[in-house]
Structure formats: C-alpha cells, structure tokens
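Enquirer:
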Amino acid sequence: MKREELIRRKEYWITKIQIDLFNELTKFLKENKWTKAKFAEELGVTKSYVSQILNGDFDHKISKLVELSLAIKKAPVIKFVDLNVVDNRVKQVAQQTVVFVLEKNSVRQDFSRTIKATKQNDNYKFSKDKDTKYLTVHGDC
Amino acid sequence: MPKFAVRDIEGIQSKERGLELIIDGIGQLSEFESELEECYKSEFAKILGFIESSLDRKLLPATKFKILKSKDNCKEYEFKTKHLRVYAIKTIDGKLICFCGFKNSQSRDINKFRAIKKRYLESLLS
Numbered sequence: 000m001k002r003e004e005l006i007r008r009k010e011y012w013i014t015k016i017q018i019d020l021f022n023e024l025t026k027f028l029k030e031n032k033w034t035k036a037k038f039a040e041e042l043g044v045t046k047s048y049v050s051q052i053l054n055g056d057f058d059h060k061i062s063k064l065v066e067l068s069l070a071i072k073k074a075p076v077i078k079f080v081d082l083n084v085v086d087n088r089v090k091q092v093a094q095q096t097v098v099f100v101l102e103k104n105s106v107r108q109d110f111s112r113t114i115k116a117t118k119q120n121d122n123y124k125f126s127k128d129k130d131t132k133y134l135t136v137h138g139d140c
Numbered sequence: 000m001p002k003f004a005v006r007d008i009e010g011i012q013s014k015e016r017g018l019e020l021i022i023d024g025i026g027q028l029s030e031f032e033s034e035l036e037e038c039y040k041s042e043f044a045k046i047l048g049f050i051e052s053s054l055d056r057k058l059l060p061a062t063k064f065k066i067l068k069s070k071d072n073c074k075e076y077e078f079k080t081k082h083l084r085v086y087a088i089k090t091i092d093g094k095l096i097c098f099c100g101f102k103n104s105q106s107r108d109i110n111k112f113r114a115i116k117k118r119y120l121e122s123l124l125s
C-alpha cells in the first residue's frame with residue numbers, strides 16, 4: 000500500500016491515536032504504580048473500559064479522549080497537517096535508493112554495508128561489514 | 000534454492016527500518032496485500048499502523064503484537080488484527096516481514112514462517 004493511500008485511510012490514523020493513548024496510559028500506570036482497577040476507580044469508569052484502552056481499542060467521543068488525557072496529566076494537543084505536506088515528506092524519503100547486492104544465488108540488502116551471520120547451536124550472530132566489493136544494482140529484485 | 004532479498008516496506012515511515020522479505024522476486028507483504036479481498040484492506044492499513052508504531056519504538060498492546068517463543072536467538076514477532084497476521088523477525092536495522100496469513104490458518108502459517116526464517120538466515124551464513 001503506497002504511503003499516499005495509507006495516509007488517506009482513517010484506520011491508519013485511528014490506529015496511531017489508539018497506540019499513542021495506550022503508550023501514555025501504560026506509562027502513567029507504571030510511573031504511578033496504579034493498577035487498572037485503581038485507574039478505573041479514579042476516573043469513575045469500569046475496569047472493562049480501561050481494559051479496552053489497554054487493548055488498543057479506544058474509539059469513543061472526543062470528550063472521553065480529553066477526560067482520559069487530563070486524568071493521566073496530559074494535554075491532548077491535536078495538530079492538523081495538510082495531507083500534501085505529509086505527502087511531500089514521503090516523496091523526499093522515496094528518493095532514497097534501496098540497493099541490492101547480488102552474490103551467486105543469494106541476494107543481500109546493502110546500505111553501504113553487508114550483513115553477515117554466523118551460527119553456533121541455535122544462536123545467530125549478525126555483523127555488519129563495511130566492505131562493499133560487490134556488484135550492486137538498484138531497484139526491485 | 001530460493002533467492003532472498005529485502006526491501007523497505009512500502010508506505011511506512013519510521014525511526015527503525017521496516018523491511019519485507021522477497022523470495023524469488025515476490026515480496027511477502029506486498030504479495031499478501033495484492034491478494035487480499037477489499038473487505039480486509041482496512042485491517043491491512045491498521046496492521047501497517049501497528050508495524051510503523053513498533054518501528055517507532057512504541058509499545059503495542061498484547062492483543063495487537065506478540066513476541067513468539069523462538070527456538071533460536073533471532074526474535075520472532077506477530078502483528079495481529081481481527082483476521083490478519085503478519086510475522087516478522089528482528090534484524091540489525093529493525094524488523095523484517097517474512098510471512099503473512101490469516102487468523103484461521105495461524106498454526107500452519109507459523110510453521111511456514113519459521114521454515115522461511117530458517118532458510119533466509121542460513122542464506123546469510125558465510
């Protein structure tokens with residue numbers, strides 16, 4: 000899914016907000032050593048309501064979002080950005096080239112380095128090698 | 000012997016690198032998306048949101064993201080929506096999407112994901 004399509008889908012932005020809210024609430028509960036039950040009691044809501052947020056499923060009224068934010072001592076600052084501005088940022092990023100390194104029957108990604116691996120028993124050890132004495136091609140493989 | 004490659008996941012922007020595995024020229028995530036019915040596209044957008052948030056080093060709820068019990072030291076991840084599952088491994092740069100599937104074929108898909116993971120990692124061995 001291209002970035003231009005993704006940023007025009009409501010599910011993407013709803014998800015981002017839900018995850019941010021989950022992170023803020025989780026952080027608050029941890030820092031204050033509160034349980035879900037205590038938070039629910041302080042907020043005057045049910046435990047299942049709090050569980051819903053902690054499952055990343057919050058989708059209630061704006062007033063509820065504001066209430067929750069203030070309860071965790073946060074201001075719910077919302078900034079609207081023109082989609083074209085977000086798109087332009089995407090286009091700048093898209094100009095970076097993904098480089099593939101061809102070597103016999105295996106193909107490796109190369110971002111001016113080579114990823115190598117060694118294995119001992121079931122443990123892999125990865126390393127990066129700055130040596131790029133390989134034939135490189137650009138584009139899709 | 001399959002040919003492996005990796006490329007950036009189309010559509011996401013994040014602090015860490017989000018990659019998809021390409022096997023014999025077929026991107027595992029992009030191919031899965033191209034075969035999805037329209038009714039699953041909204042879930043796919045959600046799952047991209049989860050992947051992006053994870054790569055931005057944000058926590059995800061256990062109902063959306065799981066670290067699987069790996070038999071080796073290469074971490075395995077599962078991103079979830081109601082019907083979709085996306086499986087990834089940890090890389091030096093971030094996360095590599097290796098396989099995608101549905102909730103109702105989960106155990107079969109996890110086995111397939113692990114087989115792909117094993118072959119890909121072995122291809123990196125010098």
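If you're matching them up, the sequences are chains Y and E in order.
Using numbering that gives the first Met the number 0, read the first sequence as starting at 0 and increasing by one per residue.
Using numbering that gives the first Met the number 0, read the second sequence as starting at 0 and increasing by one per residue.
No residue lacks a Cβ here, since even glycine has one placed at the ideal position from N, Cα and C.
Because the structure is a prediction, the values reported are computed rather than measured.
(1) List the endpoints of the continuous alpha helix (DSSP H) containing tyrosine 48 of chain Y.
(2) So with CB distances below 8 Å, who are the chain Y contacts of glutamate 9 of chain E?
(3) Is any beta-carbon of chain E found at less than 8 Å from that of leucine 24 of chain Y?
(4) Measure from the alpha carbon of serine 13 of chain E to the alpha carbon of each residue in E:Asp108, E:Leu54, E:Lys116, then state which is nearest.
(5) Mind checking the segment 31-44 of chain E against chain Y and listing, in chain order, the residues whose C-beta falls within less than 9 Å of any C-beta there?
(6) Taking Cβ-Cβ distances below 7 Å as the criterion, which residues of the segment 52-69 of chain E are in contact with chain Y?
(7) Just to confirm, is the Cβ distance from valine 85 of chain E to isoleucine 25 of chain E under 8 Å?
(8) Taking the straight line between their C-alpha atoms, what separation do you get for arginine 36 of chain E and histidine 82 of chain E?
(9) For a contact meaning CB atoms closer than 7 Å, what does threonine 157 of chain Y contact in chain E?
(10) Identify, in the order they occur along the chain, each residue of the same chain with its Cβ nearer than 8 Å to the Cβ of leucine 82 of chain Y, setting aside the five sequence neighbours on each side.
(11) Give the range of the alpha helix (DSSP H) segment to which lysine 68 of chain E is assigned.
(12) Measuring alpha carbon to alpha carbon, tell me which of E:Ile91, E:Lys79, E:Glu34 ends up nearest asparagine 103 of chain E.
(13) Tell me which residue opens and which closes the alpha helix (DSSP H) that arginine 6 of chain E is part of.
(14) Please name the residue in E:Arg6, E:Tyr39, E:Arg16 whose C-alpha comes closest to that of glutamine 27 of chain E.
(15) My guess is that isoleucine 8 of chain E and glutamate 19 of chain E are in contact by the Cβ rule of under 8 Å, so how many angstroms apart are they, rounded?
(16) Can you give me the start and stop residues for the alpha helix (DSSP H) that glutamate 32 of chain E sits inside?
Expert: On the basis of the data shown:
(1) 46-53
(2) Met0, Lys1, Arg2
(3) no
(4) E:Leu54
(5) Glu32, Lys40, Ser41, Glu42, Phe43, Ala44
(6) Ser52, Lys57, Leu58, Leu59, Pro60, Thr62, Lys63
(7) no
(8) As written in the sequence, residue 36 of chain E is glutamate, which differs from the arginine given in the question. Glutamate 36 of chain E and histidine 82 of chain E: Cα-Cα distance of roughly 12 Å.
(9) No information on residue 157 of chain Y is available, as it lies outside the stretch 0 to 140 that chain Y covers here.
(10) Ile6, Arg7
(11) Note, lysine 68 of chain E: premise wrong, no alpha helix (DSSP H); not H, not E.
(12) E:Lys79
(13) Run containing arginine 6 of chain E: none in the alpha helix (DSSP H); it sits in the beta strand (DSSP E), 3-7.
(14) E:Arg6
(15) 5 Å
(16) 27-33
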